[in-house]
Amino acid sequence: MPVPTSITGTYLTPLTVYIDAGRLRFFAKAIGQTDPVYTDLEAARAAGHPQLPVPPTFLFGLELEGPDGFSWLTELGVDLGQLLHGEQTFSYRSMAHAGDTLVLQPRIVDVYTKKAGALEFIRKHTAVTRTDGSPVAELVNVLVLRHPGVNG
Amino acid sequence: MTAQADMAVGTELQPLVLPPISRTTLALFAGASGDHNPIHVDVDFARAAGMDDVFAHGMLSMAYLGRLLTNFAPQERIRSCHVRFAAITPVHASLTCTGRVSAVNNSLVTVELVTSLPDGTVTLIGEAVVATS
Numbered sequence: 000m001p002v003p004t005s006i007t008g009t010y011l012t013p014l015t016v017y018i019d020a021g022r023l024r025f026f027a028k029a030i031g032q033t034d035p036v037y038t039d040l041e042a043a044r045a046a047g048h049p050q051l052p053v054p055p056t057f058l059f060g061l062e063l064e065g066p067d068g069f070s071w072l073t074e075l076g077v078d079l080g081q082l083l084h085g086e087q088t089f090s091y092r093s094m095a096h097a098g099d100t101l102v103l104q105p106r107i108v109d110v111y112t113k114k115a116g117a118l119e120f121i122r123k124h125t126a127v128t129r130t131d132g133s134p135v136a137e138l139v140n141v142l143v144l145r146h147p148g149v150n151g
Numbered sequence: 000m001t002a003q004a005d006m007a008v009g010t011e012l013q014p015l016v017l018p019p020i021s022r023t024t025l026a027l028f029a030g031a032s033g034d035h036n037p038i039h040v041d042v043d044f045a046r047a048a049g050m051d052d053v054f055a056h057g058m059l060s061m062a063y064l065g066r067l068l069t070n071f072a073p074q075e076r077i078r079s080c081h082v083r084f085a086a087i088t089p090v091h092a093s094l095t096c097t098g099r100v101s102a103v104n105n106s107l108v109t110v111e112l113v114t115s116l117p118d119g120t121v122t123l124i125g126e127a128v129v130a131t132s
């Protein structure tokens, strides 16, 4: 079932997330990170960070744990088994660290199809700021939804 | 400001050669990243979706590219990073991340990024912009 293009412009529920040092160490373990700047507070401080730094791609997944997670998709009838990640962009404004509280505001900016409707693309922008509004990053996420029943 | 010698056009970043991606790695990454899509951890779900097996999160590969970049320059110098996911990364695949400086413009360098499988299949392609200081 195609996602309606009318969702373009929709703001998803904003999400406020506390960045926990233990979670950053867990992420470092999962990606095999060996640079102690990302796991050892002394090494992080020696590199000029006040706390463990949030690594370059960590911000992506926080949104998926929010109230809308994948549910905004499943409520539109999207089958997660047919969902692919098409593109991802991070534009960085300032470093974030453990102990920061970040606000993520996702917005659907485009919905379009290719291959006569066999592939549908959903483009989402997420602004990440601190609670005082200072910018941390902007994310652009392009999701690809396969519609196997459509011969593209 | 001029670019440092190691940031001249054509400079190859030290490649990041990863061990095979195990199911444990996928489970850990699901929990650590927050991406709990069962297509990456539940073979029953993957088969019902028409796949032979689970496959790696695209963002795991992008996280590896993040490691490639922060090995090259301190993270606070990274201005942006973009990738296109070109092919699925199967479980057990051994990825290699490579980067090459493709442009130097005043105080910013552009790095072309690729992750690939041992047979040469490109799985991610992208670029990052990094400040020289």
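Going down the list, the sequences are from chains A and B. Residues in the first sequence are numbered consecutively from 0, following numbering that gives the first Met the number 0. Residues in the second sequence are numbered consecutively from 0, following numbering that gives the first Met the number 0. Virtual Cβ for every residue (Gly too), placed ideally from N, Cα, C.
Residue i - partner residues in DSSP beta bridges
i             : result
residue 114/A : The partner list for residue 114/A (beta bridge, DSSP) is empty, contrary to what the question assumes.
residue 50/A  : According to DSSP, residue 50/A bridges with nothing at all.
residue 97/B  : 113/B
With 16 other Cβ atoms within 10 Å as the buried cut-off, status of residue i
i             : result
residue 54/A  : buried
residue 134/A : exposed
residue 56/B  : buried
residue 44/A  : exposed
residue 166/B : Residue 166/B lies beyond the residue range present for chain B, which begins at 0 and ends at 132; the question has no answer from this structure.
residue 72/B  : buried
residue 21/B  : exposed
residue 104/B : exposed
Sequence-distant residues of its chain with Cβ nearer than 6 Å to residue i (five each side left out)
i             : result
residue 33/A  : none
residue 173/A : Because chain A is modelled from 0 through 151, residue 173/A falls outside the range shown and cannot be assessed.
residue 145/A : 81
residue 1/B   : Legend: pLDDT at residue 1/B = 41, less than 50; position of this residue unreliable, no value from coordinates given.
residue 106/A : 10 and 124
residue 88/A  : 139
Sequence-distant residues of the same chain with beta carbon closer than 7 Å to residue i, five excluded per side
i            : result
residue 85/B : 121, 122, 123 and 124
residue 99/A : 18 and 129
residue 87/B : 54
Residue-level contact to chain D via CB, residue i, 8 Å cutoff
i            : result
residue 34/A : Protein chains A and B are contained in the structure displayed, whereas chain D is not.
Same chain, Cβ closer than 8 Å to residue i, neighbours up to 5 away in sequence not counted
i            : result
residue 48/A : 36, 94 and 96
residue 4/A  : 110 and 111
> Which residues, in chain order, does the stretch 70 to 101 of chain A contribute to contact with chain B at a C-beta distance below 8 Å?
Replying inline: Answer set for the stretch 70 to 101 of chain A: 78, 79, 80, 81, 82, 83, 84, 85, 86, 87, 88, 89, 90, 91 and 94.
>> At a CB distance below 9 Å, what residues from the stretch 52 to 74 of chain B approach chain A? Give them in sequence order.
In response: Listed by position along the chain: 56, 57, 58, 59, 61, 62, 63, 64, 65, 66, 68, 69, 70, 73 and 74.
>> If the cut-off is 7 Å on Cβ atoms, which residues from the stretch 53 to 68 of chain A count as contacting chain B, listed in chain order?
In response: Result list: 54, 55, 56, 59, 60, 61, 63 and 64.
> Listed in chain order, which residues of the stretch 78 to 97 of chain B have Cβ atoms closer than 9 Å to some Cβ of chain A?
Replying inline: Residues are counted here when their Cβ sits less than 9 Å from a Cβ of chain A; for the stretch 78 to 97 of chain B these are 78, 79, 80, 81, 82, 83, 84 and 87, given in chain order.
> What residues from the stretch 31 to 45 of chain B come within 8 Å of chain A, judged by C-beta to C-beta, listed N to C?
Replying inline: Residues 31, 32, 33, 34, 35, 36, 37, 38, 44 and 45.
>> Short of 8 Å Cβ to Cβ, which residues in the stretch 9 to 29 of chain B face chain A?
In response: Considering only beta carbons, the part of the stretch 9 to 29 of chain B lying closer than 8 Å to chain A consists of 17, 18, 24, 27 and 28, in chain order.
> In chain order, which alpha helix (DSSP H) runs of at least 4 residues are fully inside the stretch 35 to 105 of chain A?
Replying inline: Taking only runs of at least 4 residues, the alpha helix (DSSP H) segments lying wholly in the stretch 35 to 105 of chain A are 40 to 45, 58 to 61 and 70 to 73.
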